[in-house]
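So the structure is just underneath, and the comments pick up after that.
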Amino acid sequence: MLPVIVVHGGAGLVGAERLEGSCRGVQEAALAAYRILQQGGSALDAVEEAVVKMEDNPMYNAGCGSVLNELGEVEMDAIIMDGKTLASGAVSAVRGIANPIKLSRLVMEKTQHLCLTAEGASRFAKAMGVPEVEEESLKTDYSRKRWVENLAPGSNPVESQMYGKSVSVSFLNQNRGKMGTVGAVAIDSQGNVASATSTGGMLNKMAGRVGDTPCVGCGAYADNLFGAASPTGHGEAIMKVTLCRLILFHMEQGMSPEKAADTALEYMKTRVQGIGGVIVVNSSGDWVARFTSEKMPWAAVKNDQLHYGFYKGESFTLPVSSI
Ligand code: GLY
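Sequential numbering of the sequence shown, starting at -10, is according to the working numbering.
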């Protein structure tokens, strides 16, 4: 089996000043994960490595660079899933660690549970020897600025949804764009698939809000029989349609990754006015990056070719040897 890695950097609205950095970051993450796969490493190790790279990169809404909640704090969600066994591990509303995806893997491998939250997750992190980091080190000037901007009356997209105001899809596209998430899917040379996703959640979310990311079938799904998916977008909408499991269901029914991704994203848009994006790989190594948002930085590596894009319909290819 030719190994494949696909990563995304969130379906959010990316300003021109961050465009280059967010495109470069997904390429670096994909290439780092591909090196693992090339050396015979597992899909699980590859998706974890890709997500760690993006959690450590302040360009993205995950780890360092996470958006702030209504109180100006960082609360992060993450999940990892192994398509060989359907084992998964997740953390929600976790604070004060650099890499929630690593803690998710520890939940999967060292506990009998699928998800640990808030203080329980922190206690587990401490027991596992995961270093604590200062919350301020996870914030950036950009995340602080966006938090302040969204305190202004009428500018917080969460309020529009919370109080049931009727808003247009273009409003949602613009405002939900101020979110983002990172994710990776892979298939290794043994034919095992895996998925991993990590996020700071939604800008100015309520304290304690848990989104789609740590929920199996919503924030990730992986099953060797069919493939793996990782999403980005409005978490509440993703949860309503269990987006990743829906995509896998469509693939079970015989759809290609592209058709399955488009069908599920269109359903989320029309049924619950949810905008987002997904990366998908199937058990044959066919892959796709699709989104209903305006933009989504993504990158994929297969057969020593790096593919990447940002705007809809855009795809560039470079040989890995030229990078
Ligand atoms: N999809 C990320 C979130 O809404 O939390």
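Here a beta-carbon is modelled for each residue, glycine too, at the ideal position from N, C-alpha and C.
Quiz item: Is residue 191 near the ligand GLY, in the sense that its beta carbon is under 6 Å from a heavy atom of that ligand?
Solution: Here residue 191 refers to the residue found at position 202 of the sequence shown. The answer is yes for residue 191.
Exercise. Within 10 angstroms of the Cβ of residue 125, are there 16 or more other Cβ atoms? Answer buried if so, exposed if not.
Key: Within the sequence shown, residue 125 is the residue found at index 136, counting from 1. The residue is exposed, with fewer than 16 neighbouring Cβ atoms inside 10 Å.
Quiz item: Would residue 214 be called buried (16 or more neighbouring beta carbons within 10 Å of its own) or exposed?
Solution: The residue you call residue 214 lines up with position 225 of the sequence shown. Answer is exposed; the Cβ neighbour count stays below 16.
Quiz item: Contact check, residue 172 vs residue 252 under 8 Å by CB: the rounded distance?
Solution: Counting from 1 along the sequence shown, the entry for residue 172 is found at position 183. Counting from 1 along the sequence shown, the entry for residue 252 is found at position 263. In this structure residue 172 is not in contact with residue 252, their Cβ atoms being roughly 19 Å apart against a cut-off of 8 Å.
Quiz item: Does the beta-carbon distance from residue 64 to residue 84 come in below 7 Å?
Solution: Numbered from 1 along the sequence shown, position 75 holds the residue referred to as residue 64. Numbered from 1 along the sequence shown, position 95 holds the residue referred to as residue 84. Going by C-beta atoms, residue 64 is nearer than 7 Å to residue 84.
Quiz item: With respect to 6 Å, is the separation between the Cβ of residue 85 and the closest non-hydrogen atom of the ligand GLY below this value?
Solution: Along the sequence shown, one-based indexing puts residue 85 at 96. Residue 85: no, Cβ never under 6 Å from the ligand GLY.
Quiz item: Using a C-beta cutoff of 7 Å, does residue 141 count as contacting chain E?
Solution: Among the chains of the structure shown, chain E does not appear; only one protein chain is present.
Quiz item: Leaving out the 5 sequence neighbours to the left and right, which residues in its chain are closer than 8 Å to residue 300 when beta-carbon positions are compared?
Solution: Taking the first residue of the sequence shown as 1, we reach residue 300 at position 311. 283, 284, listed in sequence order.
Exercise. Output yes or no for whether 7 Å exceeds the beta carbon distance between residue 240 and residue 271.
Key: Taking the sequence shown and counting its residues from 1, the one referred to as residue 240 is at position 251. Taking the sequence shown and counting its residues from 1, the one referred to as residue 271 is at position 282. Yes, they are a contact pair.
Quiz item: Can you tell which of 122, 224, 296, 278 has its C-alpha closest to the C-alpha of residue 264?
Solution: The sequence position of residue 264 within the sequence shown is 275, counting from 1. Of 122, 224, 296, 278, the residue nearest in Cα terms is 224.
Quiz prompt | Straight-line gap, residue 152 to residue 105 (C-alpha atoms, nearest Å) | solution = As a first step, residue 152 must be located in the sequence shown, where it is residue number 163. As a first step, residue 105 must be located in the sequence shown, where it is residue number 116. Reliability fails at residue 152, whose pLDDT of 33 lies under 50, so the model's placement of it is uncertain and the value that follows must be treated cautiously. Whole-angstrom Cα-Cα distance: 29 Å.
Quiz item: Helix, strand or coil: how does DSSP classify residue 89 here?
Solution: The residue you call residue 89 lines up with position 100 of the sequence shown. Three-state result, residue 89: helix.
Quiz prompt | Where residue 73 sits in the DSSP three-state scheme | solution = Position 84 of the sequence shown, counted from the first residue, corresponds to residue 73. The answer is coil: DSSP assigns residue 73 none of H, G, I, E or B.
Quiz item: Roughly how many whole angstroms lie between the Cα atoms of residue -5 and residue 109?
Solution: As a first step, residue -5 must be located in the sequence shown, where it is residue number 6. As a first step, residue 109 must be located in the sequence shown, where it is residue number 120. The alpha-carbon atoms of residue -5 and residue 109 are separated by roughly 31 Å.
Exercise. Consult DSSP for residue 279 and reduce its assignment to one of helix, strand or coil.
Key: Sequence index remark: in the sequence shown, residue 279 carries index 290 (1-based). The DSSP-derived three-state label of residue 279 is strand.
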